[in-house]
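So the structure is just underneath, and the comments pick up after that.
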Amino acid sequence: MNQSHSPVLRHFNRNNSVSNFSRNVQVNSFKPRALMVRNQKFENNLDPKLEERFSTLRRKQLMNANGRNNSYQHQNLMNETNFQNIQYQQVTIVRPRRPINSWFVDSGCSRHMTGNHALLQDFKLKNGTHVAFGGDAGGKITGEGTVSNGVISFDKVNYCAQLNFNLLSVSQICDKSYSTLFDDSFCYILKPGFKIDNEWVVVKAPRDRDVYKLDMSQIDAETETTCLIAHASNDESQLWHRRLGHSNFRNMNRLVSGNHAVGIPSKKFSTTDLCPACLKGKQHRMSFKSKQENSISKPLQMLHMDLFGPTNVQSIGKKSYCFVIIDDFTRFSWVYFLHAKSETAELLKEFIIKVENQLECKVKVLRSDNGTEFKNANVDLFCAEKGIARQFSAPRTPQQNGVAERKNRTLIEAARSMLADAKIPITFWDEAIATACFVQNRTLLVQDKQKTSYELLFGRKPNISYLKAFGCPVSILNLNDHLGKFESKSDDGFFLGYSSVSKAYRVFNSKTNTVIETINVKFLENSFPLVAHGPEWLFDLDSLSKSFNTNLFDFSGITNKESGDLGCFSDDSDNDEDGNLNSEYPFMSFHNPDHVKSSQDPGPSGSHEDQESNNLEEDVNPQGSPNDGGSVQNQPSSDPNVEVVPESFDYFINSPDQVPNFTPHTSTILQDLPNLNTSNLESQVQGGDIPIHRIHKKHPVSQIIGPLNQRTTRSQTEQANVCLYSCFLSHVVPKNISEALKDNSWIEAMQEELLQFRKQEVWKLVDLPEGENAIGTRWLYKNKPDERGIVVRNKARLIAQGYTQEEGIDYEEVFAPVARLEAIRVFLAYASFMKFKVFQMDVKGAFLYGPITDDVYVRQPPGFEDPDYPHRVYKLSKALYGLHQAPRIWYETLSKHVLEHGFTRGQIDPTLFMKRENDDLLCVQVYVDDIIFGSTSASMCKEFEEIMKSRFQMSSMGEINFFLGFKVKQSADGIFINQSKFVEKLLKKFKMQDCQTIRTPSDVNCKIQPDPKGKAVDQTLYRSMIGSLMYLTASRPDIMYAVCVCARYQSDPKESHLVAVKRIFRYLKGKPNLGLWYPYEGNFELYSYSDSDFGGCALDRKSTTGGCQFLGPRLVSWQCKKQTNVSVSTAEAEYIAASAGCSQVLWLQNQLLDYGFNFLKTPIYIDNTAAMFITANPVQHSKTKHIEIRYHFLRDNSEKGLIILIKVHTDKQLADLFTKSFLSGQFEFLIQSIGLINHD
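What the sequence shown shows, in the working numbering, is residues 45 to 1284, in sequence order.
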């Protein structure tokens, strides 16, 4: 403790004789450890004669047994320290005889006591209690006074003549709001307000009256523990279990009892519950014994290494291999992530050079298996030049490379457990492994040395107080955006790891879809874990482990020589004391991968008030400390204004055979934290039969003809936000081929498209016949999002420029049916009624499966021309996107295949296919190449998947989540459909994120009308807003009327019309999650509502038709349309509206015939009696003779019994929602009545 900043409470300073005594003082039957104030020299500022006079008077006082002349106040000379500035009282253990100015600070003494009457001022006689001393008869308290030295004073000091010592009571000191602190050298009396962090409390002894009593029966410590250890709660134990990478509790308790790390509470960790994540990640067979002795005595004398992979799912950084290096002496580990094995040699060479420079040690031996990545001429030459010996395991004997193989297993099990616990997709495996290695280096004890790897390598204990649970939710301070006054200052995200280039945490920002490194973050570990959604294969930990292609075996029965011997190799693995490679919970190690986008956050400040941040700064990235993560750093640019992105990014652009230049920073290759500074994250997530690698020999990068930059700068990709959530990427869509060729992700997307052409034998390179014309081709680029708006795929599509085709020459029939949105809603409504799950799949390269009969020639794709035959063209054998006949050819191909397997096609909807087996029904709805299906029989669904995969390359997506822009959520009690992500996208697109919300989409008191004198607005912007809102009405009928009214003024929009459109966005801002609810319960009866707004259009006084149709409580169809004729009465307007509603009802009746429902006399609810009379009989000839004949089919269908009109009160007319504006109360009633809800 820094005494210069914490003044010590001075003690009485006199030269007293000191000698030993044979017993301790006992007061009130206690035997405390007596502590005496240390005598210290002081400068006597008094005159020597005056001091001699004081001594004489003092001797006289001591001779006065009755305590008379006590009015004389002894002035003890003290240090000039002011009492208010005093923080500590320093004492040491001595054994005085009859001390005068020495006081024992006694925790067992109930009150201050002295036997020296001369020390007391303001003495008062009292008839006190009897005091017992150890071994003596005790004594009686006969008085009380004050002891003072002129600077400090102690009042209520009891006088007991039989007491040979001066005692200060700890409890009486605490009564004055002061506190005491004891250590092995001193006792400190602390100023009021001093607080002790509970993290440092081992055990508490409660105060009982005026002493402190500890009940030993309440303390349960381990037998090897030498001090009292407090028990951590179950929740705290689980939290630290997660923070330490799911380390086993035995190792956690060893860290505490052995004081091997700083920042972890001094408590015993245990839990009554098994960790499900550890059970999923670590279960294994019994293990083998390893060698007990090790001759390695210094770091880097021997390095063990291994490469495991490839994975069947690439990491978020497009890596498939993990390169692990372990130092034999310290067991310190480094991990690097590679795209190909060929990168290993160059990486190893650079690692050895820089690790030797950083640690000032020499690598002497490399031990590995016989893989060609290690056993090659390149590495052999390097080791020969450096004088490094090589050791290889025997063929097919991985046990001889036991240290590396065991570390592989530890890391993989760590990744499994952490991914399972965090519930994030398996494509984050490199993130988990990187962080695991980082944690294990600081927490796992080397068996024979009983120290952590970090302490053995760097000579100091690691600080682990800043560790957090992998994947836990975080709140990130937004320092980049210009926020509104009332906008949230923080973004949500989750924790990934620790920065190696700054004192910061690495987190994923869910709002911006980027990985950033920041210190301005708050952790919500109590809300752990996250709830993630996605296909099942994204969370299949078993498939991940199997794909690592590493031997997770047990090492047993191996008798090895010393680790430095060139013979058989030892397995110096990280074993427990019992020799098992894995105990209750094996240790796990996480290292950060090499694919992180740098944050634009300012660096951490030394004055940051967050204690966690201060703890982080103490241990993160220490000067000169090596990096235990395999990472890629930027090479400095020669241009100070250009910041070059890492070469791992360039690798996908340059030749596939080129080895990327992994260049960890010269001062941080062995930094305390893994190096994760990559500016553009790439991810390739594929499942099923979809190819994993997208660079193919048929179209190598070397054949790309275009302005392919050898160096990609941040300025070229500054708009390319990186999306990590659910392991998907988000990129700016290139406008042309030139921009696409600057981004390796789009190059790979184009190569993947061309691979499909090759697989499907779409074309053949030929010379263009004379008289034939070649159709041009072009690339289209699109990001495909999921239900959350996260981009799941970068899709490049090569299309033919079909607009140059001539009808009758190049093609004949071109029509191809697609499913109507109403048909899709009917399908989902039926699924909810039948209570079966709906699944989704799509066809990869659908148009490429349809054979084309016409002779069609297309030019070679831009950027991928054949260098040997650049003037040739492709003759198409299959239909190509962009051709007029392509959709029809695809539909015919698909329907033919499905019908051949016993399906029937819908009579009204040709995109609906049905198959019945006994009482089970399978329904399939097709929208071009997107297919949804469901059945009352699970076996029929599996059979349909097999049917489709037998002919087409399919992508199975599991249960339907996102279809045609709709987010579909299937819960235990129904199906919810909404477009919340599209709402967010629109608000951001039109810069309405900060607008004030409003409760209705249109104003009752301010109707929209022509405004010829108003200020004109941008027509393109206005039409874009209307078009976007019209698409949103597919699941938001509550805005249907407001959008339709605003759409009437697209030809000449004014400022007042734009205000009305923005009001709709303000309404959407307040209710972004509103959607359609299809409950499992309820009937499946068809009924309809119809209404009109007479003369409602201010432009031409035409009426507005509104209507909605239900299947039980499920809204499946709705309309809002201005009538084509001017109605002369409300009866005519209502009659025309009912006629339009009848048309929709008849279509639904026919559609439902395919589902097995034959609805007759479908009720149509209207609120106009005259219209009902016109339908029944032409009784009002003067009001109906001018009505067009086509509207009278309402009467015809009524007579046939297909529909029936029913009168409904105006207040309960649900179709009113589509004809006029309402106040908030009635509006809320209507949207709730039609089944719009806010579903969580």
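Cβ atoms here follow ideal geometry from the backbone N, Cα and C, with glycine treated the same way. Quantities reported herein were computed from a predicted structural model and do not represent experimental measurements.
Item	Value
Check the C-beta distance from S310 over to F293 and give it rounded, since I have them as a contact under 8 Å.	No, S310 and F293 are not in contact; Cβ-Cβ is about 15 Å, not under 8 Å.
Can the beta-carbon of Y1122 be found closer than 8 Å to that of A873?	yes
Is the Cβ-Cβ distance between F1138 and S1183 less than 8 Å?	no
Examine the Cβ distances between the region 1056–1071 and the region 864–880 and report whether three or more of them are shorter than 8 Å.	no
If we ignore side chains and look at the alpha-carbon of each, how far apart do P439 and G302 end up?	41 Å
In chain order, what residues of the same chain have a beta carbon less than 7 Å from the beta carbon of L812, not counting five sequence neighbours either side?	A818, Y901 and V917
Whose C-beta lies closer than 6 Å to the C-beta of V191 among residues of the same chain, with five residues either side of it excluded?	L163, F198 and V201
Rounded to whole angstroms, what is the Cα-Cα separation between R453 and P354?	15 Å
Could you pull the start and end residues of the beta strand (DSSP E) that H161 belongs to?	Counting along the chain, H161 falls outside any beta strand (DSSP E), and DSSP gives it neither H nor E.
Starting from V483 and walking both ways along the alpha helix (DSSP H), at which residues does that stretch end?	W473 to T487
When we look at the beta-carbon of L318 and count the other beta-carbons within 10 Å, is it buried (16 or more) or exposed?	exposed
Examine the Cβ distances between the region 1048–1061 and the region 1092–1100 and report whether three or more of them are shorter than 8 Å.	yes
Roughly how far, in whole angstroms, is the beta-carbon of Y1372 from the beta-carbon of P861, given that I think they are within contact range, below 8 Å?	In the structure displayed, the chain extends from 45 to 1284; residue 1372 sits before or after that span and is not available.
State the CB to CB distance for the pair Y1124 and K879, rounded to an integer number of angstroms; the pair is presumed to be in contact (CB under 8 Å).	5 Å
Measuring straight from C-alpha to C-alpha, what distance separates L1280 and P1157?	11 Å
Take P906 and list the residues in its own chain whose beta-carbon comes closer than 6 Å to its own, dropping the five residues that flank it on each side.	I781
Assuming A890 and D973 make a contact with CB atoms under 8 Å, what is their CB distance in whole Å?	3 Å
Note down, in chain order, each residue of its chain lying with its Cβ closer than 8 Å to the Cβ of V1160, except the 5 sequence neighbours on either side.	E866, R869, V870, A873, Q1153, F1154 and L1192
Can you give me the C-alpha to C-alpha distance between L1030 and E814, rounded to a whole angstrom?	51 Å
If we ignore side chains and look at the alpha-carbon of each, how far apart do E857 and I1218 end up?	44 Å
Could you tell me which uninterrupted beta strand (DSSP E) segments, each at least 3 residues in length, are contained entirely in the region 370–417, listed from first to last along the chain?	377–382 and 409–412
Can you name, in chain order, every residue of its own chain whose Cβ lies under 6 Å from the Cβ of I952, other than the five neighbours on each side?	N1194 and Q1195
Taking C-alpha atoms, which residue in E1243, G1245, N1212 and N1221 lies nearest to Q1257?	N1212
By a C-beta neighbour count over all protein chains shown, 10 Å radius and 16 as the cutoff for buried, is T948 buried or exposed?	exposed
What's the C-alpha gap between T821 and Q904?	7 Å
Taking the alpha carbon of E387 as the point to measure from, which residue in D372, C366, S554 and W378 has its own alpha carbon closest?	C366
With H, G and I counted as helix, E and B as strand and the rest as coil, what does DSSP make of L1102?	helix
Between K512 and D536, which are expected to be in contact by the criterion C-beta below 8 Å, what is the C-beta distance as a whole number of angstroms?	That pair is no contact at about 16 Å.
Strictly by DSSP, which residues pair up with H174?	K184
Span of the alpha helix (DSSP H) holding N788?	N788 to K803
Terminal residues of the continuous alpha helix (DSSP H) containing D279?	N278 to R287
Who are the near neighbours of E417 in its chain, counting only those whose CB is closer than 6 Å to its CB and skipping five residues on each side?	L351, K385 and T388
Beta carbon of A458, beta carbon of I470: below 8 Å?	no
Apply the 10 Å Cβ neighbour rule to P895 and answer buried if 16 or more other Cβ atoms are within range, or exposed otherwise.	exposed
Based on the DSSP secondary-structure assignment, which residues constitute the bridge partners of H275?	K312
In whole angstroms, give me the CA-to-CA distance for N827 and F1006.	14 Å
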